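Residue numbers (the working numbering), protein chains in the order written: chain A, 14 to 268; chain B, 19 to 321; chain C, 337 to 666.
By construction, the Cβ of each residue, glycine as well, lies at the ideal position given by its N, Cα and C atoms.
Small disclaimer: the values here were computed from a predicted structure and weren't measured.
Written below as structure tokens is the structure these notes are about.
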Amino acid sequence: MSELLLAEGITKSFGANRVLRGVTISIGRGEVVGLFGPNGSGKTTLANIISGLVFPDRGRVLFEGKDITRMTMDARFRAGISRTFQIPNPYPSLTVVESVRVALLCGQAARQAGGEEKAGLEEELDSLLGRTGLFAQRFWPAAKLSQGCLRRLEFARAISCRPRLVLLDEVFSALSAKDEAELVALMRSLYREEEISFLLISHNPLILEELCDRVVAIEDGRVFWEGKPGDLARYVPAANHAHELEDEMHEEGGS
Amino acid sequence: MPGSSFPGADAPGDTAVNPLAQVLVDGIFTGASYALMAAGLALILGVVKVVNLSHGAFFTLGAYVAYVLDSRGVGNPLAAVFMAAVIAFAFGVFLGKSFINPVRSHSFSVAVGSLGFAILFEQAAQMLWGPHPLSIDLGAPLAVVDGVTLRRWGVISFLVSLGLVGGLSHLLSRPLGLPLKLIAEDEEIAGSVGMDVEKIRYLTFGAASAVAAVAGALLAPAMAITPTMGRVPLILSLIVVIASGMEKVWNLFFLAVGLGLLSNVSAYLLAPSWSYVLLLAVICLLLVLRPSGLATVGPSRDY
Amino acid sequence: MKKSGPFRHGKFPGVLAAGAGVLLLLPLAGIDAFLLNVLTLGFLVAVYTGSWDIVGGVAGQISLGHALFFGAATYACALLTSLAGWPFPLAAVAALLLATAAGAAVGALSAPLKGPFVALLTLALGEGAHEFFLGQTFFSPKGAYSWGGEGGIPVLLGGPSISPWTAYYAALAFLVLCTWLMLRIARSEEGLIWTAVSGSELSARASGVDVLRYKRRAFMVAAALAGAAGVGFAAFVGRATADDFSLELSFQAATFAAVGGRGTIVGPVLSALLLHSLLQGTGIPPAGRVLLYALALLLTLRFFPGGVAGTLRDRVRSRRMVAPGKGENR
Chain A
14 MSELLLAEGI TKSFGANRVL RGVTISIGRG EVVGLFGPNG SGKTTLANII SGLVFPDRGR
74 VLFEGKDITR MTMDARFRAG ISRTFQIPNP YPSLTVVESV RVALLCGQAA RQAGGEEKAG
134 LEEELDSLLG RTGLFAQRFW PAAKLSQGCL RRLEFARAIS CRPRLVLLDE VFSALSAKDE
194 AELVALMRSL YREEEISFLL ISHNPLILEE LCDRVVAIED GRVFWEGKPG DLARYVPAAN
254 HAHELEDEMH EEGGS
Chain B
19 MPGSSFPGAD APGDTAVNPL AQVLVDGIFT GASYALMAAG LALILGVVKV VNLSHGAFFT
79 LGAYVAYVLD SRGVGNPLAA VFMAAVIAFA FGVFLGKSFI NPVRSHSFSV AVGSLGFAIL
139 FEQAAQMLWG PHPLSIDLGA PLAVVDGVTL RRWGVISFLV SLGLVGGLSH LLSRPLGLPL
199 KLIAEDEEIA GSVGMDVEKI RYLTFGAASA VAAVAGALLA PAMAITPTMG RVPLILSLIV
259 VIASGMEKVW NLFFLAVGLG LLSNVSAYLL APSWSYVLLL AVICLLLVLR PSGLATVGPS
319 RDY
Chain C
337 MKKSGPFRHG KFPGVLAAGA GVLLLLPLAG IDAFLLNVLT LGFLVAVYTG SWDIVGGVAG
397 QISLGHALFF GAATYACALL TSLAGWPFPL AAVAALLLAT AAGAAVGALS APLKGPFVAL
457 LTLALGEGAH EFFLGQTFFS PKGAYSWGGE GGIPVLLGGP SISPWTAYYA ALAFLVLCTW
517 LMLRIARSEE GLIWTAVSGS ELSARASGVD VLRYKRRAFM VAAALAGAAG VGFAAFVGRA
577 TADDFSLELS FQAATFAAVG GRGTIVGPVL SALLLHSLLQ GTGIPPAGRV LLYALALLLT
637 LRFFPGGVAG TLRDRVRSRR MVAPGKGENR
């Protein structure tokens with residue numbers, strides 16, 4: 014099975030609202046797949062279903078060949094699927110290092126059960142914080158971080174236990190250009206060093222074009238189009254708007 | 019526990035020809051008053067975003083105001099309601115401004131502090147009026163229908179409750195209610211649009227406390243008035259708010275009436291303390307089994 | 337009332353040691369027997385309150401029925417020694433196990449629920465037990481007496497009666513031991529995960545935390561400690577009454593902990609000891625006591641919203657941001 018993750022026939026309704034109507038999406042090993050769609054298209058719900066926050070009404074999710082449709086979110090984390098949240102929820106009473114330690118502790122238990130050696134927790138923690146650029150703030154209360162740092166904390170948590178698939182939910186939105194650039198560089202370095210697959214959810218086609226191997230466009234609960242990122246603008250009308258905006262901004266000399 | 023103040027169960031002997039029907043009707047009237055309390059509690063939970071455990075104390079305050087007026091010969095329930103509302107509003111605003119608002123960021127501390135205020139009030143009431151049950155003269159019944167005595171307190175309770183709940187529901191769906199809804203949704207936006215969020219908070223707290231006092235004043239003739247009489251109504255209205263969710267105000271009303279019926283009937287068929295145990299068992303069962311038909315303030319379970 | 341200064345750093349352990357020293361020497365300084373007993377009870381109440389903080393403060397699961405675990409232990413001691421004739425040490429162990437089992441059960445029931453519902457369920461369970469035991473009577477083995485309700489059931493210690501001094505020092509040692517234990521647990525990996533669950537269940541789940549399991553365990557540990565306090569109480573007072581399940585006792589755990597500083601362990605322990613001693617030990621009439629209690633709650637929380645120790649701890653934390661790199665990590 015060359016696919017890492019396969020979500021097929023995913024259907025989900027909330028009350029009378031049919032959010033997903035039979036969506037199928039697959040992610041291969043070491044692949045960066047983009048999930049594009051306007052608000053209300055169902056992409057967040059799909060992400061929630063893949064990460065285990067929500068269970069689908071119909072359809073199934075297969076990870077490395079195993080059916081994980083009804084697996085809880087924490088079990089999926091231990092199994093190798095992690096995610097970031099669009100709105101980070103930092104622990105109000107923990108520091109940065111403590112926040113990441115929580116994830117390391119839980120993932121470590123799973124890895125030890127899997128027979129791997131117990132690496133030095135502290136060293137791993139420090140290296141993780143270093144790679145995500147949070148080493149200087151590691152004793153700060155997590156809740157006091159800036160938005161950009163919070164996103165990086167989400168990243169650190171998500172990659173702490175060597176996942177095979179990471180869902181990034183709008184992780185680049187509403188960031189300053191500098192923060193965005195740093196985060197992109199971080200993602201690229203992770204992608205090169207460890208064969209992590211990413212599912213990148215974004216309503217910003219420019220980011221998707223820059224980072225993804227393949228893009229899936231969702232609209233109104235269905236897969237609308239799937240193909241190479243460069244073709245996104247051509248086939249998906251919603252993507253054009255962003256290009257126009259960017260051109261406008263360049264003309265005005267802004268960011 | 020405080021099972022001694024169940025309305026209807028302690029009402030001075032009416033020789034009602036149809037006691038079960040009487041209990042049912044009284045239960046509906048009682049439930050209507052609980053709906054008032056629940057509405058106030060829901061307002062505080064939604065707008066001020068705190069769990070208010072002093073709500074029962076305001077209920078008791080209203081009952082004692084009614085008693086004091088009655089013992090001075092002012093038997094008009096509407097006068098009692100008015101005085102109770104004014105006094106409770108003043109106390110509520112004071113509590114809101116001096117304690118609730120400053121401590122709001124620590125929701126647990128607010129709950130504990132409001133409990134402290136309740137204890138303070140209970141003690142003060144005991145020192146002023148003594149621990150023994152007091153009662154207000156029921157007066158002549160309004161009507162007797164099919165062996166069921168309709169008393170003034172009951173009818174007025176029901177009408178006032180309907181009116182207030184209806185008014186609140188109406189208010190929330192109108193532009194006038196927008197500030198409240200906005201603050202409930204997102205305070206930052208409310209603040210940035212120029213609303214004095216702090217002021218609206220303590221005013222809401224005062225108003226909701228006034229409503230609880232009104233409920234107490236209305237229900238006073240039917241209950242044994244003691245310093246701790248507000249505890250059971252507090253717990254009942256908490257259940258109503260938590261179980262009915264905060265989407266529709268009318269859900270509160272119907273659930274409260276239902277609960278009033280249940281508690282009255284079970285107090286009549288069993289003993290008041292058993293009724294209390296029954297209520298507790300119902301809560302436990304509901305929470306453990308969690309039938310999905312029950313609306314909640316968001317899901318009560320994630321799993 | 338409480339000491340200032342950073343946790344685990346510099347002044348704080350020294351101040352605690354000094355306080356312990358004072359408590360050690362008090363009886364020798366000739367304090368009267370009544371006060372001695374008040375303090376002894378106070379030590380037990382402090383452990384009880386600290387146990388609440390484990391589940392209600394560190395793990396964030398606000399329990400309003402904590403007296404259930406306390407009463408289960410006292411009743412087990414009483415019934416096993418008086419009715420079944422067990423020796424006290426055996427009954428004590430059984431009582432501890434029973435309290436822990438009750439904790440596991442309550443934890444399992446409330447783990448799937450969110451905040452206010454946990455409070456409501458634990459309230460209902462605690463009050464249910466209270467009502468049950470209020471009405472429940474047991475016949476003494478000789479058949480001549482019936483026990484139960486508010487009159488209570490005697491606890492037979494067997495052996496010579498304990499002097500107030502012995503009780504005092506035993507309870508003090510118990511307090512020190514349990515506080516040390518609770519602090520160790522709160523600062524362990526388990527405690528860290530509980531704090532995470534308390535702060536953001538969503539983030540915890542996304543970090544691989546099996547939230548249900550950890551919540552259950554928090555309840556179990558807290559119940560075991562509350563049960564231990566109950567065993568000590570049963571031994572000291574010699575009687576188990578239905579009041580051991582009372583709403584007042586349940587609320588007391590939560591309110592004392594709030595004043596001390598939810599989640600700090602030390603705050604709740606110290607505030608419980610202090611408040612209990614002040615309320616019971618000074619010669620205030622009952623009405624005044626209640627007023628004092630309520631005022632203490634209101635005033636302390638108004639000026640220390642996170643409890644005394646909690647507010648101080650937050651201030652220390654904020655200072656860390658100014659000088660990153662200094663200070664400790666967990």
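How about residue i: is its C-beta nearer than 8 Å to some C-beta of chain E?
i	result
Leu79 (chain B)	The structure shown contains no chain E; the protein chains it does contain are A, B and C.
Which same chain residues end up closer than 8 Å to residue i when comparing Cβ atoms and leaving out the 5 residues on each side of it in sequence?
i	result
Val259 (chain B)	Ala56, Leu59, Ala60, Leu63, Leu270 and Val315
Phe587 (chain C)	Leu400
Gly642 (chain C)	Gly597, Arg598, Arg649 and Asp650
Would residue i be called buried (16 or more neighbouring beta carbons within 10 Å of its own) or exposed?
i	result
Val104 (chain B)	exposed
Glu207 (chain A)	exposed
Phe27 (chain A)	exposed
Asp164 (chain B)	exposed
Lys191 (chain A)	exposed
Ala337 (chain A)	For chain A, the structure presents residues 14 to 268; residue 337 (chain A) sits outside this window and is missing.
Gly661 (chain C)	At Gly661 (chain C), the pLDDT of 45 sits below 50, so the modelled position is not reliable and the matter cannot be decided from this model.
Thr473 (chain C)	exposed
Kindly indicate if chain C contains any beta-carbon less than 8 Å away from that of residue i.
i	result
Cys162 (chain A)	no
Tyr82 (chain B)	no
Phe76 (chain B)	no
Val74 (chain A)	no
Gly248 (chain B)	no
Leu133 (chain B)	yes
Met213 (chain B)	no
Phe90 (chain A)	yes
Gln144 (chain B)	yes
Gly120 (chain A)	yes
Leu296 (chain B)	no
Met86 (chain A)	yes
Gly251 (chain B)	Checking the sequence, you will find Pro at residue 251 (chain B) rather than Gly. Cβ-Cβ to chain C under 8 Å: no for Pro251 (chain B).
Ser291 (chain B)	yes
Glu232 (chain A)	no
Gln40 (chain B)	no
Ser106 (chain A)	yes
With residue i and residue j assumed to form a contact (beta carbons below 8 Å), what rounded beta-carbon distance in angstroms separates them?
i	j	result
Ile243 (chain B)	Leu152 (chain B)	4 Å
Val295 (chain B)	Gly464 (chain C)	6 Å
Leu200 (chain B)	Val267 (chain B)	That belief does not hold up - the Cβ atoms of Leu200 (chain B) and Val267 (chain B) are roughly 17 Å apart, past 8 Å.
Identify whether residue i lies in helix, strand or coil by the three-state DSSP scheme.
i	result
Trp147 (chain B)	helix
Val163 (chain B)	strand
Phe474 (chain C)	strand
Glu337 (chain B)	With chain B covering 19 to 321 only, the question about residue 337 (chain B) has no answer from this structure.
Glu183 (chain A)	coil
Ala242 (chain B)	coil
Lys241 (chain A)	coil
Thr417 (chain C)	helix
Trp153 (chain A)	coil
Arg4 (chain A)	Nothing can be reported for residue 4 (chain A): it is not among the residues displayed for chain A, which extend from 14 to 268.
Pro425 (chain C)	helix
Arg235 (chain A)	strand
Does residue i get closer than 8 Å to chain A when you measure Cβ to Cβ?
i	result
Arg653 (chain C)	yes
Glu525 (chain C)	yes
Please tell me whether residue i has its Cβ less than 8 Å away from any Cβ of chain B.
i	result
Glu486 (chain C)	no
Gly642 (chain C)	yes
So, for residue i: in the same chain, excluding its five sequence neighbours on each side, which residues have a beta-carbon less than 6 Å away from its beta-carbon?
i	result
Cys174 (chain A)	Gly120
Only counting the same chain, and skipping five residues up and downstream in sequence, which positions put a Cβ closer than 7 Å to that of residue i?
i	result
Ala171 (chain A)	Ser95, Arg96, Thr97 and Val179
Arg552 (chain C)	Ala440, Gly443, Ala444 and Ala447
Glu195 (chain A)	Gly146
Phe475 (chain C)	Ser482
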